[in-house]
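J.:
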Amino acid sequence: MAKPDESLAREDTFPKLLLKNARVRGDRVAYREKDFGIWQSWTWAEVLDEVRALTCGLAALGVERGDTVTIVGDNRPQLYWAFAAIQSLGAVPVPLYQDSGADEMQYVLEHGEVRFAVVEDQEQTDKLLSIMDRCPKLEAIVYEEPRGMRGYTQAFLHEFKAVQEEGRKLDAARPEFFLDEIAKGKGEDLAIIAYTSGTTGDPKGVMLSFDNLVESARLSVEFEHLTEKEEVLSYMPMAWIGDHFFSYAQALYAGFAVNCPESSATVMTDLNEIGPTYYFAPPAVFENILTNVMIRMEDAGWLKRKMFHYFIAVAGRVGIDILERRAVPVVERLRYWLGRYLVYEPLKNTLGFTRIRVAYTAGAPMGPEVFRFYRSLGFNLKQLYGQTECCAYCCIQPDGDVRPDTVGPPAPGCEIRIDEQTGEVLYKSPGTFIGYFKNPEATAQTKDEEGWVHTGDAGIRTDDGHLKIIDRAKDVGKLTDGTLFAPQYIENKLKFFPQIKEAVVHGNQRDRVTAFINIDLDAVGNWAERRGLSYTSYTDLAGREEVYELIRENVEAVNRDLARDSELSSSQIRRFLILHKELDADDGELTRTRKVRRRIIADRYEELIEALYSDRDQIVVEAQVTFEDGRQGVIKADLKISEAETFEPLRKAG
Amino acid sequence: MFYRETGQFKASYASDEAIFPIAQDRWAVIAIVIVAYVVIPIVANEYWLQAVLIPALVFSLAALGLNLLTGYAGQLSLGTGGFMAVGAYATYKITTAFPELNILVVFLLSGLVTAGVGVLFGIPSLRIKGFYLAVATLAAQFFLVWLFNRVGWFYNYAPSGTITAPPREVFGVMITGPEAKAEARYLVALAFVTVAALAAKNLVRGRLGRSWMAIRDMDIAAEIIGIPLLQTKLSAFAISSFYCGVAGALMIFLWLGSAETLAFDIGVSFDVLFMIIIGGLGSILGSFLGAAFITLMPILLTNAPQVVGISMAIDTQKDLESIIFGGLIIFFLIVEPHGLARLWQIGKEKLRRWPFPY
Amino acid sequence: MDILYSVFVAPFLDMADAPLFFAEVVIGGLLTGVMYSLVALGFVLIFKASGVFNFAQGAMVLFAALTLVGLMERGVPVAIALVMAVAVMTALAFVIERVVLRPLVNQEDIILFMATIGIAFVLEGFGELVWGSNVKELNVGIPDVSFEVGGILLNEFDLFAAATAAILVAVLAVFFQRTTIGRALRAVADDHQAALSVGIPLKTIWIIVWSVAGVVALVAGIMWGAKSGVQFSLSLIALKALPVLMLGGFTSVPGAIVGGLIIGVGEKVAEIYWGPLIGGAIENWFAYMLAMVFLVFRPQGLFGERIIERV
Amino acid sequence: MATVGAPETTAAGSARKIGGPLLKIENVSLAFGGVRALTSVSFEILEHEILAIIGPNGAGKTSMLNVINGFYHPQEGTITFKGRVRKHMRPHDAAAQGIARTFQNVALFKGMTTLDNIMTGRNLKIGGNILTQAIYWGPAQREEIRNRAFVEEIIDFLEIESIRKTPVGRLPYGLQKRVELGRALAAEPDLLLLDEPMAGMNLEEKEDMCRFVLDVNEEFGTTIALIEHDMGVVMDISDRVVVLDHGLKIAEGTPDEVRTNKDVIDAYLGVSHD
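If you read the protein sequences in the order shown, they are chains A, B, C and D.
Per the working numbering, residue 908 is the first one in the first sequence, and the count goes up by one each step.
Per the working numbering, residue -1 is the first one in the second sequence, and the count goes up by one each step.
Per the working numbering, residue 344 is the first one in the third sequence, and the count goes up by one each step.
Per the working numbering, residue 101 is the first one in the fourth sequence, and the count goes up by one each step.
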């Protein structure tokens, strides 16, 4: 039969790509999972066989074209196969976060009209069982790990293996069924509905087509020259578009191996064993690793420590230039070469980074020195910017043009535009989603008629076209001179300094920018002890002239930085004060996730803000505090207000 | 710091349980083997082979044997010398009785004979433990030596009372007797030790080895989970004695050429015990390190004065040697009671963690 | 057939034929046994108090004897030489405790055992280095003449030796039973914490024990030295003491005595009546065989009480 | 645990069906010298059940286990296991017949790793002679790998993957107990004796251990006899309880029956004020 064949030949869906991989690299390893002490492996051919069985099995269960099927669990090969199987049948996978509670799940199951669920284990099954009665549409649950399920007698529970067995029977009976089903699939079909937990309101189901994902995968694979030889460690939640893109879309397109850790507890050791060549981690992870490295090195013998810091310094001077193939004096090159043997390579090796060719970080701003540290070791770390609505990313830093403070120029095939009024970032990309599932008005709000997607993030283009994300659009204000005021961006810059724990900058609708600072008691405390500065309390330390000096340097460093950006140069901090108490979630000044509550702070510290905008350099405060034991109390202190030097914009806006 | 283990993951139990799971170690071992089999025979001279390398190999074999018994199975034995004597005299008797028999086979046969004797003297180990057992094994030591000394049949009633290695060829190469080249004897000894070490490693990482260690660590628990004590202990004695027997045979036939029972006196038993304790109880590598250490040190001590250029009376020097030897032993026990193998292990861990301290 | 006869019948007939001779053999055995006991005693003291299987005991005997002889050769009067020798042995105890035992505290027994062998090497080397390795006459002024009592030939020296041993044992017994330190020592044997609670630091106890063991070694050294000259082979009588220990148990003073006697007698009798059958010189293994066979049937030794294994 | 949202999850749904007597103990008496440890004790252990042996300290509970697995030999009484009356047998014979146990104070092989410790539990299942083992490659290796795979299942079951290659000496007490359970399970016993499996554990360790004991009993249908002091635990997990006091059996029955039994209460009050 000719028709299915030419459809299959089009390779425009993931099931078709799976067939291709099984054909061209059938005995290359496709999936590994650390289980029973070793890396259990499956080649592409074996995976195809497994998927084939599962597909038919699901069909036997009654999964039909257009159905939605949820997938819940830690990263497991079997669950990745479930994606392929479901898509083979023309049904749509709806992955859920494995750590989400029953109620969150319930919303998605209802809204997504989910009929079937493929879950990892007893834990997930129990969650679904507990909401079964509230989700009338949910018909059957397939569980992968039988451990502890022995006592469960419900008819609608099926073991993964059993389903596959059924599938093999059906497959034997109707050998053509599998390929025909795949052949029915088309590029424009819906590939996945990825629910995004919006900061406000209910989650929205982002509908992505095969064309979206396959095309984005193609572009990115070519952009990074990814080959079938790559190894990735899949440890980010499967329901997160990032993991779906790296560990599923790209893996199937490029045909490289996906490795699943034994458990979340062993990720670090598993990382070390596998030694991925292609790696993603959020900034926090990289920051923690760096801190651990430094702490562990403190316990080393002094000679080793000296050597370590010496060579880290060398790397700091020339590492990045060497990584980016710029000219470096021979002596330094020699030092670096020596350091590579004595420190960098062993260090990367103990961290499991030896084989990494490309590493991404995204999702939050990363401290520049952390970023530089990794790159200086010859570790190709890059930042990117994206969201579910564009299948992962629409901006990325190309090799050789990587900077700590941008997310790079538009990715291949993408366009970026900054909305003049709001400063909001808009993009167009081949990955642009079809729309939100059963939510046209939200779709309309986000995606305008000529296809520009509103990210809700405020950003600026550097003069050479890199994008800088500076804040959530709604938080961005304006100074009276009409220039952009992005508090969070400035606060983050301040917080990158270890001495500064929290910062709150003011300036919306004002003529200049001022700031509240919270010092980091540990960092500044150590610093104070080292220079024999005794203090009794946070308040005491915060009031010290020396500390103000220290902080002023940081603030001015930030100013120098801001001055480089034509758009932000006028947001330099003119005056600041160090708060007499630490901002505290218990006092409602921070959210539980340590985000500043601007409104509350604004009216609680109104007089301080006014003082910052007056010309006084002293002010007496009384503040409500909640002590450890919960008692309320008032502390009095008089706060200094300090001027900070500002700088001329280096480049004029043009 | 030389270790680059990232990416060396194990996809099968076979590779996970390999003797050298780390690639870098495998390369190192290959290098060592090449040096031992190719380089040394070419570069080393008569003196080195005869006075240093061959004895080191012979004692490594004995140390391996004792380590299996004492280090792994936890049965303290001071009978090593006696068992080596059995091996030596058995070889002598067999090869003089059947000159046609390939000498290598004879070595193995005498190993088996020794194993039998070992089992015999192992029987008390079921009732007698610890130092009591150690003393009991001295019975074997003294009795056996006495036996070979007294009963003429064992040395074919040679008036000198000594046994002498008759010339024997293997594949046309003379490997025993006065005409045997040092290189040939060295290579034969090396081959034996290599195989023995491999076999020992295989044993200790398998069921038998685990049973031995179980008995060593807690015999009651071991028996309750189904490890038959007597059988297991006797297996340890048998295999250990086999090794010692072969070592004794090699000692006479590949090294000394001829000897009387004096060569196997209690001192030898203690030397071998030193080897495994300085080297590391319960470690194959340790057996080699210990053997090397104990065989080399006296040589160093004897030659040291000449090197430095001091001349002194023989017995003065003898006394000094024994003082320094004893001192060094105490020193080593204090520095690292678990032996050189442990030192190496610690060092290796540091290299693997480099640049981190832990 | 006649082999069996000559092994199982003839010897006993011989004994019956010449009872006096047999008695002499037995007494001779007893007296040598006493000597063994002397050495064994040193072992027991140290093992009891510090759990250390002191293989250097033999070397200490040699060293003590060498020191004594050496001093006398250099014209020091016996009495003073004795005092000095005792002082040396005490000093030695201090050194050993400081240099060897303290750094190795809480190590496995076998490690300490090995360490004592190291000590043995050092002592032998050092002793001979200082006093020379030639065989030395030791004359402590006891006439070595024999006399006959009821047809049995006795040796005055042997009797003297026996007496000395008896006295020494008595003294030790008193020391252990009556004095605080003695009791503390016994406590240590049972468990170290107890000893500490008695209020005597382990350190002191060990020094004391090793000093006492040193003195015992000195006595043994004098006896053996006077009998067969002071020479390197003295250090080998340590090996003789081992089977005694097996019989008597490593921790039992009476065991050491009785064990010594049994070994002494058994060895002599076997040597005289069975030795010739199998080429003689059997005394250097017979004792071990005897002890081993004995232990196989009674693992707890002569005076130990039955062990109930627990889990 | 297993029952969340799954009302059907009950013994009814599980693998185990309590069967006939697996082990019969008939008026067994044991004494050391003059000391009487057990006085004509009789009871049965039924197939697939969890039987708890409780009693004040020195009641002879551990002695009982030692008798059952042949470590002590009772002066009187008979023991019938799987329908065969047992003559004098050494512990390793008992093990060979399918009796495994853990110990009151952990009795692991300190010098070996978790993996090796559990592997020793497989000893009876591993074939091969000295020669094949010395050669290793070939049959011995196949055996090793086969049994390693089995042991890994246990490691996975007990959730001790992360300490697989740690020498047990370095493990915290709670984990050691878990490893010891693993070693016992490795023998695939018909009868599993647990001597105070929860002793010295904190609350969550106890909960884990309870879960494991129940799972073992459910998933593999293993018969379990355990000594335990924590009454709460006993009442929760055991099907039947036998109460010993001063070497005598003073009660036997379901947890509830025993809880209300007067002698039992007295016995416990008895200990409570001494």
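Virtual Cβ for every residue (Gly too), placed ideally from N, Cα, C.
No experiment lies behind these values; they were computed from the predicted model shown.
(1) How should C/F390 be labelled, buried or exposed, when 16 other C-beta atoms within 10 angstroms of its C-beta is the threshold for buried?
(2) Nearest to C/L604 by alpha carbon, out of C/G372, C/D360 and C/V350?
(3) I need the straight-line Cα distance from B/Y1 to B/F354, nearest angstrom please.
(4) For a test of the three-state rule: what should DSSP assign to A/E1357, helix, strand or coil?
(5) Between A/A1365, A/L1016, A/L1457 and A/V1465, which lies nearest to A/S1477 when the distance is taken from Cα to Cα?
(6) Which class does B/Y90 belong to by DSSP, given the choice of helix, strand or coil?
(7) According to the neighbour-count rule (16 or more other Cβ atoms, all chains shown, within 10 Å of its Cβ), is C/D357 buried or exposed?
(8) Opposite A/H1413 in the DSSP bridges: which residues?
(9) Let me make sure I understand the geometry here. Which of A/I1148, A/G973 and A/A1449 has the alpha-carbon closest to that of A/Q1294?
(10) Using the C-alpha atoms, what's the distance from A/L1045 back to A/G1366?
(11) Can you tell which of B/Q304, B/S238, B/L326 and B/I297 has the C-alpha that lies nearest to the C-alpha of B/L66?
(12) Check whether the Cβ of A/W946 lies closer than 7 Å to any Cβ atom in chain B.
(13) Is the stretch 1149 to 1165 of chain A touching the stretch 1111 to 1129 of chain A in the sense that three or more CB pairs, one from each, lie closer than 8 Å?
(14) Would you say C/F518 lies against chain B (beta-carbon separation less than 7 Å)?
(15) Just reading off the beta strand (DSSP E) that B/L47 is part of, what are its end residues?
(16) Name the DSSP beta bridge partners of B/Q139, please?
(17) Residues bridged to C/F490 by DSSP?
(18) Go ahead and label A/D1429 buried or exposed: buried means 16 or more other beta carbons lie within 10 angstroms of its beta carbon, across all protein chains shown.
(19) Between A/D1312, A/C1297 and A/C1298, which has its C-alpha nearest A/Q1304's C-alpha?
(20) Could you tell me whether any Cβ in chain C is nearer than 7 Å to the Cβ of B/R214?
(21) So does the stretch 243 to 258 of chain D actually touch the stretch 177 to 189 of chain D, counting three or more Cβ pairs closer than 8 Å?
(22) When the cut-off is 7 Å and only beta carbons count, does A/N1256 lie next to chain B?
(23) Less than 7 Å between CB atoms is the rule here; does D/E252 satisfy it with respect to chain A?
(24) Considering only their Cβ atoms, is the gap separating B/V117 from B/F240 smaller than 7 Å?
(25) Can you check whether the CB of B/G79 is closer than 7 Å to the CB of B/V266?
(26) With the cut-off set at 7 Å, would you say D/T213 and D/K265 are in Cβ contact?
(27) Secondary structure at B/G72, three-state DSSP: helix, strand or coil?
(28) Here's the rule I'm using: 16 or more other beta-carbon atoms within 10 Å means buried, otherwise exposed. How should B/R183 be labelled?
(29) Using only CA atoms, which one of C/V601, C/A422, C/A392 and C/L638 lies nearest to C/T375?
(30) Using 8 Å as the Cβ pair cut-off and three pairs as the minimum, do the stretch 582 to 589 of chain C and the stretch 509 to 529 of chain C touch?
(31) Who pairs with D/S129 in a beta bridge, going by DSSP?
(32) Find out if the Cβ-Cβ distance for the pair A/S1116, A/A1098 is shorter than 7 Å.
(33) Relative to the C-alpha of A/E1337, which residue among A/P1319, A/V1070, A/S1441 and A/L1475 is closest?
(34) For the alpha helix (DSSP H) holding D/K265, just list the boundary residues, first then last.
(35) For D/M331, I'd like the list of residues in its chain whose CB is within less than 7 Å of its CB, leaving aside the five on either flank, ordered along the chain.
(36) For A/N982 versus A/M1204, is the C-beta spacing smaller than 7 Å?
T.: Per the coordinate set shown:
(1) For the purposes of this step, residue 390 of chain C is identified with residue 47 of the third sequence, where counting begins at 1. Buried, since its Cβ has 16 or more Cβ neighbours within 10 Å.
(2) As a first step, residue 604 of chain C is located in the third sequence; it is residue number 261 there, counting from the start. Nearest option by C-alpha distance: C/G372.
(3) For this step, residue 1 of chain B is matched to residue 3 along the second sequence. For this step, residue 354 of chain B is matched to residue 356 along the second sequence. So the alpha carbons of these two residues sit roughly 13 Å apart.
(4) Translated into positions along the first sequence, residue 1357 of chain A becomes position 450. Coil at A/E1357, not helix or strand.
(5) For this step, residue 1477 of chain A is matched to residue 570 along the first sequence. Of the listed residues, the one whose Cα sits closest to A/S1477 is A/V1465.
(6) The residue you call residue 90 of chain B lines up with position 92 of the second sequence. Helix at B/Y90.
(7) Indexing the third sequence from 1 puts residue 357 of chain C at position 14. Answer is exposed; the Cβ neighbour count stays below 16.
(8) Position 506 of the first sequence, counted from the first residue, corresponds to residue 1413 of chain A. Beta-bridge pairing links A/H1413 to A/T1421.
(9) Taking the first sequence and counting its residues from 1, one reaches residue 1294 of chain A at position 387. Checking every option, the nearest Cα to that of A/Q1294 belongs to A/I1148.
(10) Counting from one through the first sequence, the residue named residue 1366 of chain A turns up at place 459. Counting from one through the first sequence, the residue named residue 1045 of chain A turns up at place 138. Straight-line Cα distance between these residues: approximately 42 Å.
(11) The residue given as residue 66 of chain B occupies position 68 in the second sequence. The option with the nearest alpha carbon to B/L66 is B/S238.
(12) Looking up residue 946 of chain A in the first sequence gives position 39. With 7 Å as the cut-off, A/W946 counts as an interface residue toward chain B.
(13) yes
(14) By 1-based counting over the third sequence, the position of residue 518 of chain C is 175. No, C/F518 lies away from the interface with chain B (no Cβ there is under 7 Å from its Cβ).
(15) Sequence index remark: in the second sequence, residue 47 of chain B carries index 49 (1-based). It is not in any beta strand (DSSP E) - B/L47 carries neither H nor E in the DSSP assignment.
(16) Taking the first residue of the second sequence as 1, we reach residue 139 of chain B at position 141. B/Q139 is not bridged to any residue.
(17) The residue you call residue 490 of chain C lines up with position 147 of the third sequence. Answer is C/L497, bridged to C/F490.
(18) By one-based count along the first sequence, residue 1429 of chain A stands at place 522. So A/D1429 ends up on the exposed side.
(19) Working through the first sequence from its first residue, we reach residue 1304 of chain A at position 397. Nearest C-alpha to A/Q1304: A/D1312.
(20) The residue given as residue 214 of chain B occupies position 216 in the second sequence. Chain C contact via Cβ: absent.
(21) no
(22) Residue 1256 of chain A sits at position 349 when you count from the first residue of the first sequence. A/N1256 counts as touching chain B.
(23) Position 152 of the fourth sequence holds residue 252 of chain D. Judged by the 7 Å Cβ criterion, D/E252 is in contact with chain A.
(24) Looking up residue 240 of chain B in the second sequence gives position 242. Looking up residue 117 of chain B in the second sequence gives position 119. Not in contact: B/F240 and B/V117 (Cβ atoms no closer than 7 Å).
(25) The residue labelled residue 266 of chain B in the question sits at position 268 within the second sequence. The residue labelled residue 79 of chain B in the question sits at position 81 within the second sequence. Taking 7 Å as the Cβ cut-off, B/V266 and B/G79 qualify as a contacting pair.
(26) Position 113 of the fourth sequence, counted from the first residue, corresponds to residue 213 of chain D. Position 165 of the fourth sequence, counted from the first residue, corresponds to residue 265 of chain D. Contact flag set, yes.
(27) As a working mapping, residue 72 of chain B is identified with position 74 in the second sequence. Note: B/G72 maps to coil in three-state DSSP.
(28) Working through the second sequence from its first residue, we reach residue 183 of chain B at position 185. Answer is buried; the Cβ neighbour count reaches 16.
(29) Looking up residue 375 of chain C in the third sequence gives position 32. Of the candidates C/V601, C/A422, C/A392 and C/L638, the one whose C-alpha sits nearest the C-alpha of C/T375 is C/V601.
(30) no
(31) Here the question's residue 129 of chain D lines up with position 29 in the fourth sequence. The partner list for D/S129 (beta bridge, DSSP) reads D/E176.
(32) What you label residue 1116 of chain A is simply residue 209 of the first sequence in a count that begins at 1. What you label residue 1098 of chain A is simply residue 191 of the first sequence in a count that begins at 1. Cβ atoms of A/S1116 and A/A1098: closer than 7 Å.
(33) Translated into the one-based positions of the first sequence, residue 1337 of chain A becomes position 430. It is worth fixing the name first, because residue 1337 of chain A is Pro in this sequence and not Glu. Closest by alpha carbon: A/P1319.
(34) Mapped onto the fourth sequence, residue 265 of chain D falls at position 165. That residue, D/K265, is in no alpha helix (DSSP H); it is neither H nor E in DSSP.
(35) Walking along the fourth sequence from the start, residue 331 of chain D turns up at place 231. Correct list: empty, nothing qualifies.
(36) Looking up residue 982 of chain A in the first sequence gives position 75. Looking up residue 1204 of chain A in the first sequence gives position 297. No; because the gap between Cβ atoms is not below 7 Å, this pair is not in contact.
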